[in-house]
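*Asks:* To start, I am sharing the structure in question, which I have written as structure tokens.
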Ligand SMILES: [Zn+2]
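Numbering (the working numbering), first residue to last: 1 to 238.
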């Protein structure tokens, strides 16, 4: 039954049955269950990851529904992490989905990510991304950054001490002073798909693409091969 579920995916040359079997042994931690995190978690569960933790402290709000594909009106006011666990577990009983209804801090992040094969960024917060980045470099855990703004999304897979880290590229990340980030509803699902693909590649031992930038409104797609910053305060060669 499991083989039948992934039959079409295992036919993809880049994956094959070996790659599919490998995915079933991997553990993914999604930090943030909003527009990006919920869509990425949904894809990861459907594609056959072994286990997934979804960490989010917030509740589902009406203003979330335009850019998420898992939540519905009946979920308003409920914990995002718990709703995702419940719904995604029903999608695929072969995957172990676990909700963690907590806020991630510098004190507790280690406990949440220590067993992760890859961390998925669904945070929408630069300070939290810098925290994930430091933990990633310190303990050699890959992660995949993603961000969205209006009609443009960015993704970058980060392999500690191999690719540039988030700190290396912070000057390339647009800064917003707006209280609420404007987001076209279709954007997070698109960017989460790219983020998920980069995570799957990392899990299969492939190299991520670099900094990917996609403007869904103008259909401009670009990827930049940014170099590591030798004097980066987080990953620099001291
Ligand atoms: Zn760096």
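In this text, a Cβ means the ideal position worked out from N, Cα and C, and glycines have one as well.
1. Taking the Cβ atom as the reference point for each residue, do residue 28 and residue 116 lie within a distance shorter than 8 Å?
2. Any heavy atom of ligand 1 closer than 7 Å to the CB of residue 297?
3. With hydrogens ignored, establish whether the beta-carbon of residue 157 is closer than 7 Å to any heavy atom of ligand 1.
4. Could you compute how far the alpha carbon of residue 190 sits from the alpha carbon of residue 227?
5. Nearest to residue 58 by alpha carbon, out of 99, 157, 173, 162?
6. Under a three-way DSSP split, which group does residue 221 fall into?
7. State the Cα-Cα distance for the pair residue 196 and residue 134, rounded to the nearest angstrom.
8. Here's the rule I'm using: 16 or more other beta-carbon atoms within 10 Å means buried, otherwise exposed. How should residue 221 be labelled?
9. State whether the region 63 to 81 contacts the region 206 to 223, with contact taken as three or more CB pairs (one from each stretch) at a distance under 8 Å.
10. Answer yes or no: the CB of residue 236 versus the heavy atoms of ligand 2, is any distance below 7 Å?
11. Output yes or no for whether 8 Å exceeds the beta carbon distance between residue 235 and residue 167.
12. Buried or exposed: where does residue 108 fall if 16 or more other Cβ atoms within 10 Å of its Cβ makes it buried?
13. Any heavy atom of ligand 1 closer than 7 Å to the Cβ of residue 171?
14. When you compare only the Cα positions, how much space is there between residue 63 and residue 101?
15. CB of residue 227 to nearest heavy atom of ligand 1: below 7 Å?
16. Going residue by residue through the region 145 to 185, where are the continuous beta strand (DSSP E) segments of at least 3 residues, counting only ones entirely within it?
17. For residue 195, would you say it is in contact with chain C, using Cβ-to-Cβ distances shorter than 8 Å as the test?
18. How many Å lie between residue 143 and residue 129 at the Cα?
19. Spatial neighbours of residue 36 within its chain, please: C-beta separation below 6 Å, excluding the five flanking residues on both sides.
20. Taking 8 Å as the cut-off, decide whether the C-beta atoms of residue 68 and residue 39 are in contact.
21. With a CB to CB cut of under 7 Å and the five nearest residues on each side skipped, what residues in its chain are close to residue 237?
22. Are the beta-carbon atoms of residue 70 and residue 42 separated by less than 8 Å?
*Replies:* According to the structure shown:
1. yes
2. Outside the shown range of the chain, which is 1 to 238, sits residue 297, and nothing can be said about it.
3. no
4. 26 Å
5. 99
6. strand
7. So the alpha carbons of these two residues sit roughly 21 Å apart.
8. exposed
9. no
10. The model on display carries ligand 1 but not ligand 2.
11. yes
12. exposed
13. no
14. Straight-line Cα distance between these residues: approximately 20 Å.
15. Not under cutoff, so the answer is no.
16. List check, beta strand (DSSP E) in window: 152 to 158.
17. No chain C is present in this structure, which holds just one protein chain.
18. 10 Å
19. 122, 146, 188, 192
20. yes
21. 230
22. yes
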